[in-house]
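Colleague: For what it's worth, the numbering used here labels the leading residue of the sequence shown as 1, then goes sequentially.
First, the structure itself, so that you have it in front of you.
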Amino acid sequence: MIYTSKKLVQASLHTLTYHPLRKEFGLRSQMAQSVTKTVIARYKSTMENSHDWTKVEFKKPELDWVWNRDYSLAQGVFSVNTLEERIQVPFESQGMKHFFDGTWKFGTAKVVYKHGKFFLHIPMTQCIEETEWEQLKEIVGVDRGLNFLIVYDSHGQTWFIKGRPIKDRRGHYKQLRRHLQQRQTPSARRRLKKIGQRETRWMTDVNHQVSKALVERYGKNTVFVLEDLTGIRTATEKVRKRNRYESVSWAYYQLRQMIEYKAAKAQLKVIAVDPHYTSQTCPKCGHTEKGNRNKKHHRFACQNCHYRSHDDRIGAMNLHRKGIEYRVAVAAQA
Ligand SMILES: [Zn+2]
1 MIYTSKKLVQ ASLHTLTYHP LRKEFGLRSQ MAQSVTKTVI ARYKSTMENS HDWTKVEFKK
61 PELDWVWNRD YSLAQGVFSV NTLEERIQVP FESQGMKHFF DGTWKFGTAK VVYKHGKFFL
121 HIPMTQCIEE TEWEQLKEIV GVDRGLNFLI VYDSHGQTWF IKGRPIKDRR GHYKQLRRHL
181 QQRQTPSARR RLKKIGQRET RWMTDVNHQV SKALVERYGK NTVFVLEDLT GIRTATEKVR
241 KRNRYESVSW AYYQLRQMIE YKAAKAQLKV IAVDPHYTSQ TCPKCGHTEK GNRNKKHHRF
301 ACQNCHYRSH DDRIGAMNLH RKGIEYRVAV AAQA
């Protein structure tokens, strides 16, 4: 009905969809509204991706449950509307007790069908007060290197998180995958899928540990300065082909999301700055020149003020410096 009407506003679709959904399918009032909402949302996201009016089809069944109307969770009882009646079942809250401390809000939950089982995804939100910029004392530059994640803080300390084991392990997975791809057997395909899942799990775990370590090390009143990842493509293009796979082998985008999430939870800030020239600029005087950096010998020597350092840490130092500039600019606006 939505496809032929080309309407994507809930109110104008109401007469078209509400009664048929209720009469033909026996849906409750809230469910009928949710179904229309879900389909509209799917049309909108399809439009965003393809910019075309294409017919949306749902391959797997799904259903939205609105908090407190269709479902609720309280005192160990999960209460939910079904087509016949409202049912109440006990649920196990072990490991998620903190979600019931009153600071969390439950959102519209989605029932999905996967691998022969039904799952309920419940989005949770929590309001966290933002730290004011004046309160931020520690500015930490976090740079993606080829072999390390490099961290530089306000005490002038550099911290290298080794990426070499990650690089090696991903290289190993890559070889395994290539080997299995050549064998076109069903068992090879199954193993390929399994290996892919194992690699994803492992990489996610590494990112969890690294982001956790970063946030715990610096604590409150910290701002992490990361590279704006829209520049990531140009960054990898500059890398020699031999190193290309490895250079993007650390799932940095995910790492950044985790840092942002954990930082927000612990009331730290994260900003992303333009990473251009961060490897050629002098972190002491700001002089930018290609000749400042000797890539071959991993040396950095400023042609202006003669500051010298190992070139690995220059990027992180410059991100740190950009963080200071950012804070100054924010203070000037206030
Ligand atoms: Zn200099």
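Heads up, the beta-carbon is just placed ideally off N, CA and C, and yes, glycines get one too.
1) Any chance the CB of Lys284 is under 6 Å from a heavy atom of ligand 1?
2) Could you pull the DSSP bridge partners for Ile122 from this structure?
3) Closer than 8 Å by C-beta to His310: which residues in its own chain qualify, once you throw out the five before and the five after it? Chain order, please.
4) Helix, strand or coil, according to DSSP, for Gly141 in the structure here?
5) Look at the alpha carbon of Lys295 and the alpha carbon of Lys284, and state the distance between them as a whole number of angstroms.
6) Terminal residues of the continuous beta strand (DSSP E) containing His208?
7) When the distance is taken between beta carbons, is Leu13 closer than 7 Å to Lys7?
8) Rank Leu63, Thr46, Glu62 and Phe106 by C-alpha distance to the C-alpha of Val56 and give the top, closest one.
9) Express the C-alpha separation of Glu129 and Arg321 in angstroms, rounding to a whole number.
10) Just to confirm, is the Cβ distance from Phe106 to Val89 under 7 Å?
11) Since Leu268 and Tyr218 are thought to touch, with beta carbons under 8 Å apart, how far apart are those beta carbons, to the nearest angstrom?
12) For the beta strand (DSSP E) containing His64, name the first residue and the last one.
13) Tell me the DSSP bridge mates of Leu149?
14) Cβ of Tyr307 within 6 Å of any heavy atom in ligand 1?
Modeller: The relevant details are as follows:
1) Here residue 284 corresponds to residue number 284 of the sequence shown, with the count starting at 1. Answer for Lys284: yes, Cβ within range of ligand 1.
2) The residue given as residue 122 occupies position 122 in the sequence shown. Note: Ile122 sits in no beta bridge, so no partner.
3) Working through the sequence shown from its first residue, we reach residue 310 at position 310. Excluding residues within five positions, the ones whose Cβ falls inside 8 Å are His298, Arg299 and Phe300.
4) Here the question's residue 141 lines up with position 141 in the sequence shown. Residue state, collapsed to three classes: strand.
5) Taking the sequence shown and counting its residues from 1, the one referred to as residue 295 is at position 295. Taking the sequence shown and counting its residues from 1, the one referred to as residue 284 is at position 284. If I take the Cα positions, the gap works out to 19 Å.
6) Counted from its first residue, the sequence shown places residue 208 at position 208. Segment Pro186 to Tyr218 is the alpha helix (DSSP H) holding His208; no beta strand (DSSP E) there.
7) As a working mapping, residue 7 is identified with position 7 in the sequence shown. As a working mapping, residue 13 is identified with position 13 in the sequence shown. Closer than 7 Å, so yes.
8) Reading the sequence shown from its first residue, position 56 is the one you call residue 56. Of Leu63, Thr46, Glu62 and Phe106, the residue nearest in Cα terms is Thr46.
9) Locating residue 321 in the sequence shown gives position 321, where the first residue counts as 1. Locating residue 129 in the sequence shown gives position 129, where the first residue counts as 1. Their Cα atoms are separated by approximately 26 Å.
10) Here residue 106 refers to the residue found at position 106 of the sequence shown. Here residue 89 refers to the residue found at position 89 of the sequence shown. Contact flag unset, no.
11) Position 268 of the sequence shown holds residue 268. Position 218 of the sequence shown holds residue 218. The pair is a contact, with the Cβ atoms about 7 Å apart (cut-off 8 Å).
12) Working through the sequence shown from its first residue, we reach residue 64 at position 64. Reading off the sequence, residue 64 comes out as Asp, not His. Taken as a continuous stretch (DSSP letters only), the beta strand (DSSP E) holding Asp64 covers Glu62 to Trp65.
13) The count along the sequence shown starts at 1 and reaches residue 149 at position 149. The partner list for Leu149 (beta bridge, DSSP) reads Arg144 and Ile161.
14) Within the sequence shown, residue 307 is the residue found at index 307, counting from 1. Tyr307 Cβ: within cutoff of ligand 1.
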